[in-house]
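Colleague: Below you will find the structure I want to go over with you.
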Amino acid sequence: MTPRHLKTPWPTEPRSLRNWQLARLRAYLAGTVAPFSTHYRRVFAEQKFDAAALRTADDLRRIPFSTKASFVTGPDAVREFVLIPDRAVLSKRPATIARALFRGRAAVAEGFDREFRPLLLTSTTGRSAEPVPFLYTAHDIENLGIGGARVMSVCATNREMKMLNMFPFAPHLAFWLTHYAGKEFGVFVLDTGGGKSMGTDGNLRLIRKIKPDVLVGVPTFMYHVLQGAVAEGLKLPNLKKIVLGGEKASLGMRQKLRALAAQLGAEKVDVLRTYGFTEAKLAWVECPFAEDAGSSGYHIHPDLALIEIVDPKTGEPRGEGEPGEIVFTPLDARGSVVLRYRTGDCIDGGLVHEPCPYCGAIVPRLVGDISRNSEVREMRLDKLKGTLIDFNQLEHVLDNVPHVGTWQLELRKVHDDPLELDELILHVAKSDTCDETALRAELSRHFARETEIHPNRIEFHTAEEMRTKQGVGVQLKEQRVVDHRPKVTAATQPTSVK
Ligand SMILES: [Zn+2]
């Protein structure tokens, strides 16, 4: 029997795959979105867009993009994107008629409930924007499990493996996807709730007890836990996979995690990244690849998601393998539904369709590094010493410097005076006993090359001190950049000379 999570057969030839996806989208838009989405009913009418007539990629482009801003315009914006069924329309569906005939009215009512009644929500974590809730029905929860189980398949896990889900317990996609993935895949999964629920010690206790084959979590927290495990001399020879999500993981971070796993006695460990976002209600993963080879890219299963890559400035489509912004359209979602959602994430290797060089899968793959434009913009709002800092790039640089375990960037003002100059302090916990003076010089050099400024101070700390600084066990997500600059208030505003 084919596992349920692999149930949809799709064409494997790129051109027919695209047409197959468009046909799937047409049926979905005409039968489910157009009649039941307040927002899209209005938009389609305004655009004179007939979903049933959608045939080509050009037709698709007549649907306007949506962005995070789409959900915050007007008091009812979030609700406008939720599919609310009209029983009169539903009762005319051929599937409804068949079900009523063969299984009775009660089965019809139950089917509608399963498909449309919201049961779960996850929300965005935006640091500056209001969190936006996304609703899931039983239908969506099933797809969440299917998507999650496929992540496990692509990672080449098997049912005999034991998995520890260390994502923070919160209404966030990462935690729930991992939870339902385990259930759907049929693998033992223990949800620890991450650092805030159990602390590093609590997670370590469970690792000692369960001896998991697969660890899933946020990269920075994963680092703290593995480092704690090494410090206490733990051995984990059966550890096979470390699956990361919730924040970007640089190449350097992967190497550090592999090195820690080796110290735990796990010789061959795949460190794999996932990519997902609230609005997709899905995540995708890389398949295992040799350490000295490039990543296989995120494997997108084409029955649940249609991905477009567009020019981030003009919104024009990009070709096969060309860099651009990732745009997402669901193909089978209920609950909250957004079409052509602009993620603000740019991928430098674009979307490719040729067979995966490692696992052979013929699915669209997102290849290369993703930079979150939204985050960069957010961090760029405040210039530092008059210089614009690309924190995306800086993260990679700091992670890649040898001997650096964890780090945190702290922004302050001289004397804590809001009118004074910016100060930048780099806090570092070393991963070994290397010389501090040499490392300080090395870091300062890397920093200046990347940002054209030198940090005011570089301070060294123990691993324990860094855990406290990053808020492990206190914050939902470990903090790598903190802004402690006091805000200018009326009291501190300089008065103009009269
Ligand atoms: Zn692959």
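For what it's worth, my numbering labels the leading residue of the sequence shown as 44, then goes sequentially. The beta carbon of each residue, even a glycine, is placed where N, CA and C say it ideally should be.
1. Could you give the DSSP three-state label for Gly367: helix, strand or coil?
2. Should His342 be counted as a contact of ligand 1 given a C-beta to heavy atom distance under 7 Å?
3. Does the Cβ-Cβ distance between Leu220 and Gly340 come in under 8 Å?
4. Report the rounded CA-to-CA distance for Glu290 versus Ala131, giving the unit in angstroms.
5. What is the C-beta distance between Cys198 and Val314, in whole angstroms, given that I count them as a contact (C-beta under 8 Å)?
6. Is Tyr542 helix, strand or coil by DSSP?
7. So the candidates are Arg455, Asp234, Leu462, Phe490; which of them puts its Cα closest to the Cα of Val444?
8. DSSP state of Gln64, grouped into three classes?
9. Mind checking whether the beta-carbon of Cys402 lies closer than 7 Å to any heavy atom of ligand 1?
10. Grab me the residues of Val151's own chain with a C-beta within less than 7 Å of its C-beta, minus the 5 sequence neighbours each way, in chain order.
11. Suppose you measure from the CA of Pro255 to the CA of Lys520; what does that come to, to the nearest Å?
12. Return yes when the C-beta of Ser14 is under 7 Å from any heavy atom of ligand 1, and no when it is not.
13. Could you tell me if the beta carbon of Ser339 falls within a distance shorter than 7 Å of some heavy atom in ligand 1?
14. Would you check if the segment 344 to 353 and the segment 222 to 237 touch, i.e. whether three or more CB-CB distances between them fall below 8 Å?
15. Short check: CB of Pro373 to CB of Leu394, under 8 Å?
16. Below 8 Å between beta carbons: does that hold for Pro161 and Thr180?
17. Which complete beta strand (DSSP E) runs does the segment 193 to 244 hold, if anything under 3 residues is left out?
18. For the beta strand (DSSP E) holding His267, just list the boundary residues, first then last.
19. If distances are taken between C-alpha atoms only, which option among Val286, Lys473, Lys311, Leu437 comes closest to Glu495?
20. Since Thr165 sits in a beta bridge, which residues does DSSP pair it with?
21. Have a look at Leu72 and Leu307 and give me their C-alpha separation to the nearest angstrom.
22. What is the DSSP secondary structure of Asp119, counted as helix, strand or coil?
23. So what does DSSP say about Phe124, is it helix, strand or coil?
24. Please state the DSSP three-state secondary structure of Asp388.
25. With a threshold of 8 Å on Cβ separation, who are the neighbours of Glu508 within its own chain once the five nearest residues in sequence on each side are excluded?
26. Hey, how far is the Cα of Leu287 from the Cα of Pro262?
Modeller: Well, looking at it:
1. Counted from its first residue, the sequence shown places residue 367 at position 324. Secondary structure at Gly367: strand, using DSSP grouped into helix, strand and coil.
2. Here residue 342 refers to the residue found at position 299 of the sequence shown. At least one heavy atom of ligand 1 lies closer than 7 Å to the C-beta of His342.
3. Counted from its first residue, the sequence shown places residue 220 at position 177. Counted from its first residue, the sequence shown places residue 340 at position 297. Taking 8 Å as the Cβ cut-off, Leu220 and Gly340 do not qualify as a contacting pair.
4. Counting from one through the sequence shown, the residue named residue 290 turns up at place 247. Counting from one through the sequence shown, the residue named residue 131 turns up at place 88. Near 44 Å, if we compare the C-alpha coordinates of Ala131 and Glu290.
5. Taking the first residue of the sequence shown as 1, we reach residue 198 at position 155. Taking the first residue of the sequence shown as 1, we reach residue 314 at position 271. 11 Å between Cβ atoms; not a contact.
6. Because the chain in this structure spans residues 44 to 541, residue 542 falls outside the shown range and cannot be described.
7. For the purposes of this step, residue 444 is taken as residue 401 along the sequence shown, with counting starting at 1. Comparing alpha-carbon positions, the option among Arg455, Asp234, Leu462, Phe490 lying closest to Val444 turns out to be Phe490.
8. Position 21 of the sequence shown, counted from the first residue, corresponds to residue 64. Of the three classes helix, strand and coil, the one that applies to Gln64 here is helix, per DSSP.
9. Counted from its first residue, the sequence shown places residue 402 at position 359. Between ligand 1 and the CB of Cys402, the shortest heavy atom gap is smaller than 7 Å.
10. The count along the sequence shown starts at 1 and reaches residue 151 at position 108. Closer than 7 Å at the Cβ level, and outside the excluded window around Val151, lie Thr139, Arg142, Ala143.
11. On the sequence shown, residue 255 is found 212 positions in, with the first residue counted as 1. On the sequence shown, residue 520 is found 477 positions in, with the first residue counted as 1. A direct Cα-Cα distance of roughly 22 Å separates Pro255 from Lys520.
12. An answer regarding residue 14 cannot be provided, because it is not within the stretch 44 to 541 covered by the chain.
13. Counting from one through the sequence shown, the residue named residue 339 turns up at place 296. Yes.
14. Segments in contact, no.
15. Your numbering for residue 373 matches position 330 in the sequence shown. Your numbering for residue 394 matches position 351 in the sequence shown. No, Cβ-Cβ distance for Pro373 and Leu394 is not below 8 Å.
16. Taking the first residue of the sequence shown as 1, we reach residue 161 at position 118. Taking the first residue of the sequence shown as 1, we reach residue 180 at position 137. Their beta carbons are under 8 Å apart, which means Pro161 touches Thr180 by this criterion.
17. Within the segment 193 to 244, the complete beta strand (DSSP E) runs of at least 3 residues are 205 to 208, 231 to 234.
18. Taking the first residue of the sequence shown as 1, we reach residue 267 at position 224. Where His267 is concerned, there is no enclosing beta strand (DSSP E), although the alpha helix (DSSP H) it sits in stretches over 262 to 274.
19. In the sequence shown, residue 495 corresponds to position 452, counting from 1. For Glu495, the closest C-alpha among the options Val286, Lys473, Lys311, Leu437 is that of Leu437.
20. By 1-based counting over the sequence shown, the position of residue 165 is 122. According to DSSP, Thr165 bridges with Phe177.
21. Residue mapping note: residue 72 aligns to position 29 of the sequence shown, counting from 1. Residue mapping note: residue 307 aligns to position 264 of the sequence shown, counting from 1. When rounded, the distance between both Cα atoms is 51 Å.
22. Against the sequence shown, residue 119 aligns to sequence position 76. Here Asp119 carries a coil assignment [DSSP, helix/strand/coil].
23. By 1-based counting over the sequence shown, the position of residue 124 is 81. Reduced to three states, the DSSP call for Phe124 is coil.
24. On the sequence shown, position 345 is the one that residue 388 refers to. Here Asp388 sits in strand by DSSP.
25. Walking along the sequence shown from the start, residue 508 turns up at place 465. Closer than 8 Å at Cβ, skipping near neighbours: Ala472.
26. Residue numbering aside, residue 287 sits at position 244 when the sequence shown is read from its first letter. Residue numbering aside, residue 262 sits at position 219 when the sequence shown is read from its first letter. The straight-line gap from Cα to Cα measures roughly 6 Å.
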